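For the sequence shown, this note's numbering assigns the number 28 to the initial residue and increments by one for each residue that follows.
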Amino acid sequence: MNYSVKIDKKWQKRWEEQSLYKFNKDRIAKKLYCLPMFSYPSADKLHIGHWFNYGLMDVWSRLKWMQGYEVFQPMGFDAFGLPAENYAIKTGIHPRLSTMQNIDFMRKQLKAMGLICDWDYELSTCSKEYYRFTQLLFLKLYEAGLAYQKEAPVNWCPSCQTVLANEQVTEGSCERCQSTVTKKNLRQWFFKTTAYQAELVDCLKELDWPNETKRIQTHWIGRSEGVYVKFSVPKLQQELTVFTTRVDTLYGVTFLAMAPEHPLVAQLALPEYQEQVKQYVEAAKEQSERERMAGALGDKTGIFTGSYAEHPLTKEQLPIYITNYVLLGYGTGIVMGVPGHDQRDALFAKQYKLPIKKVVGENGEQEREVLINSAEFNGLQPKEAKQHIAQELAQRQLGGPGTEYRLRDWLVSRQRYWGTPIPIIYCPACGAVPVPEDELPVVLPDDVSFTPDGESPLKKCQTFMSVNCPKCNASATREADTLDTFVDSAWYFLRYPDNKNNSEPFDQKLINEMLPVDMYVGGREHAAMHFLYARFITKALRDLGYLNFGEPFRSLIHQGVILGTDGQKMSKSKGNTVSPDQYVEKYGADVFRMALMFGFAFREGGAWDEGFVRSITRFVGRMEQLFCELPGQTSSETIVNQKLDALRHRVIQKVTQMIERFQFNNAIAQLMELCTALGNYKAAGANFNKPFYRELLADFVRLLAPLAPHLAEELWSTLEHENSVFKEQWPNYDPKKLELSEIEWALQINGVVRQKLLLDSSIANKEDVEQVVLASEKVKPYLAGKQVLKVIVVPKKLVNIVLK
Ligand code: ANZ
Ligand code: ZN
């Protein structure tokens, strides 16, 4: 036999004919939902990263399959989004057309991988059957008050001509095109992720997820425990509340600072300051988030309002400033300025010549920080002081404890064409009216000019826009924005198991049995957004009564990134891309897949190397040798080779463990060792026990099956089995056999190795070893006429007899 892509095709055909991977809902009690992150149908087609994700997750899934689980490993496409639209703008090819072509191509490629997959469950987010329910989800959230509209300064990318979510802005630039992001006021749709902020942090501890990902989520949600403190503005009979995490520094406050957009700004600015303040506020609005963030380190600008607030405890008069480094969206949008202890406040105070007061310092004798210049709180350590001061404020009703979150509501409107239309109608009389559920889907029209000009492309499509109000039948217009594609992907795992359901997004009973997802495998780059959104949607649907669980993904693993041979990220322009298809054609899917397993730690990835394919090709060659021209029985007895048998049990144990832990490289190394040992046994000829050897081959093939499914099937058939190896059970190891029943010891006489001795492994303690060795026929000749001075025993390794 010679393994090649032909063998892949042969088995893929058989599997399909036998419907081998059909998901059997009758065995739902044994279900295992294995979810590889679905892919974006891009023009680059299936690249090596997909292979690494899908091919290797399939190894894990196949192990579970052979262990008796009913594996559900569906495939689908995250098919809406900007790249298809940008491609269309460049080439004139309609996004629907290019997306469909890419999907067709990628489906073929995916099938060539030979995955456990029931293709009946395929879905694509850009199909009406899918986005109809994305729209329904929107309506349900809207009804529940979890989707709302507000005018808000939003991140605007002047180059992509679109609003960006905070998560799509990295250090002030657009994630996609790196242009500097500016601000723009638009009426937008939001999902109220903040309604679940506490739970979104708290539930992380239940999850079997990488710690780093949990940390990123926690950081993104950004919970801060602190205190609200009220400062009164007696002249204006106003009260300003600040949020601080350092209430211990309350006696060090020398000014208040508020965000330029704060609604009280106009009121606080005294008449003679109004003009300047107005100018400052206008200028600040023009600043991008990036400039204001940079301001946090460098230039602190601000302007005095003319007003003063009163310190709640000392009654000192504190000037109120408007500054660019205070953000409206966090806390109360007002900060107590403590230049003695906060770096940003310090920079600001220096620039505006404001007093700087130290209130925490070292106390002479004790070498730890304590409060100073803080009246009756002097001498307390900051931690205690926080409690005492908070108590004092609470008693006098001047403040109280509070928790703030950095998380913002999720902005879901996109001024883009290639996405799910938002099912809302604007009526001059009734306002925003939801599209009635039985009128869904609101179909995305094909005939639209989507060249960006700052407006939603759908706005220019009259046939789409004009509609009658569902409530009063007056002429009305549709919402022209589409949904962020992260909305599509925030619920796809709920649709997969019931993808053909035409009356509802999913059957509740079924979905509650099928989920949570047992194992989710996908890239780290989604650590912040996708996981957070999917978790939010799951919690919202639970509270709306559709789901009986609140976390979608029980276990999560991130695959590493495969780089070009030069160690750089693969890209066409660098000419360092590796095309999976070419390898599959030449060597077969299993060789390519094993090369990926062999070459990298799954979670780490690394630089691609042709050598991996060569190593695996040689390995496959050696494997094939094991199966051909078996020697006849040369062993008189039916005894098995102890050493080989122990190795078999150890390899079964290790391969199982290694696959379970996604350490595929170690699993392959184990199989290589077994392969070599089998080869040696066969080559030696002497004492060859054929039934024993065939038994070992059968185990070998079963162990190989998850890693190289086509090859394993072929080898299985050479062992004269009719059935698929995937109808077989995963081999078990016998813990008793992990240890050799006989152990090989080196016999030394006066420190020189003379013989090898096979001793029963039960012989362990020094006295027993000594007794057995000295009585052994093999040893006697050395002892003749000599006196044994002492016997040195290194357990399970060597015996050294010192003679005189
Ligand atoms: C006084 C103080 C003294 C502060 C000190 C810090 C250090 P985290 O930990 O991220 O929650 N702050 C509050 N609201 C703000 C806003 N809207 N824009 C910018 N800064 C704001 O940060 C909480 C701290 O950030 C708060 O505690 C406040 O400054 C500032 F030595 O109050 B602090
Ligand atoms: Zn109306």
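Beta carbons: idealized from backbone N, C-alpha and C, even for Gly. For clarity, every value in this text was computed on a predicted model and none was experimentally measured.
Rounded C-alpha distance that separates residue i from residue j
i	j	result
phenylalanine 625	asparagine 827	41 Å
proline 180	leucine 355	11 Å
valine 640	glutamine 244	38 Å
histidine 368	methionine 64	46 Å
glycine 406	threonine 268	27 Å
aspartate 761	arginine 675	10 Å
lysine 813	leucine 830	6 Å
tyrosine 352	threonine 328	8 Å
isoleucine 75	serine 606	7 Å
threonine 350	alanine 286	6 Å
alanine 735	methionine 621	7 Å
aspartate 105	isoleucine 361	41 Å
valine 439	glycine 119	27 Å
alanine 323	leucine 374	Unreliable positioning characterises alanine 323 in this predicted model, as indicated by a pLDDT of 47, which lies under 50. The coordinate reading is nonetheless provided below. Near 9 Å, if we compare the C-alpha coordinates of leucine 374 and alanine 323.
alanine 222	glycine 577	14 Å
alanine 503	cysteine 496	5 Å
leucine 109	arginine 41	39 Å
tyrosine 708	cysteine 153	57 Å
phenylalanine 3	methionine 597	The chain is shown from 28 up to 831; residue 3 falls before or after that span and cannot be answered.
tryptophan 38	aspartate 608	18 Å
tyrosine 610	alanine 725	28 Å
asparagine 51	tyrosine 81	21 Å
arginine 273	leucine 340	15 Å
leucine 150	glutamate 771	58 Å
lysine 232	arginine 505	43 Å
Among the options, the one whose alpha carbon lies nearest that of residue i
i	options	result
alanine 791	Lys823, Gly427, Phe719	Lys823
isoleucine 399	Val292, Trp518, Asp275, Lys380	Asp275
phenylalanine 132	Asp71, Gly119, Glu749	Asp71
glutamine 408	Pro428, Ala417, Val387	Val387
arginine 569	Met556, Trp518, Pro261, Gln595	Trp518
leucine 164	Glu700, Ile451, Phe104, Pro366	Ile451
tyrosine 432	Val304, Leu227, Gly633	Leu227
isoleucine 589	Ser66, His77, Lys36	His77
leucine 9	Glu299, Phe282, Val304	Only positions 28 to 831 of the chain appear in the structure, and residue 9 is not among them; the question remains open.
aspartate 145	Gly587, Met93, Lys49, Glu612	Lys49
alanine 773	Leu765, Gln306, Glu766, Leu784	Leu784
glycine 364	Trp87, Ile143, Phe270, Thr447	Phe270
phenylalanine 513	Lys498, Gly446, Ala507, Leu731	Gly446
Residue i burial status per 10 Å Cβ neighbour count (16 or more: buried)
i	result
phenylalanine 478	Inspection of the sequence shows that residue 478 is occupied by threonine rather than by phenylalanine. Threonine 478 should be labelled exposed.
glycine 358	buried
valine 462	buried
threonine 661	exposed
isoleucine 819	exposed
serine 125	buried
cysteine 702	buried
histidine 553	buried
valine 815	exposed
threonine 197	exposed
glutamate 741	buried
cysteine 184	buried
glutamate 394	exposed
Beta-bridge partners of residue i, as assigned by DSSP
i	result
phenylalanine 218	Ala174, Trp437
lysine 58	Glu97
valine 462	Looking at the DSSP assignment, valine 462 forms no beta bridge with any residue, so it has no partner.
tryptophan 42	Answer is none; tryptophan 42 lacks a bridge partner.
tryptophan 183	Val190, Thr209
valine 826	Leu774, Val820
glycine 388	Val397
proline 346	Tyr335
glutamate 252	Thr430
cysteine 454	Gly458
lysine 257	Thr268
Cβ separation of residue i and residue j, assumed to be a contact under 8 Å, to the nearest whole Å
i	j	result
proline 733	isoleucine 686	6 Å
threonine 161	tryptophan 437	In fact, because the Cβ distance is near 14 Å, the residues do not count as touching under 8 Å.
threonine 332	alanine 296	5 Å
valine 254	glycine 427	7 Å
threonine 189	glutamine 442	5 Å
histidine 585	proline 237	6 Å
CB contact check: residue i to chain D, cutoff 7 Å
i	result
phenylalanine 270	This model lacks chain D altogether; it includes just one protein chain.
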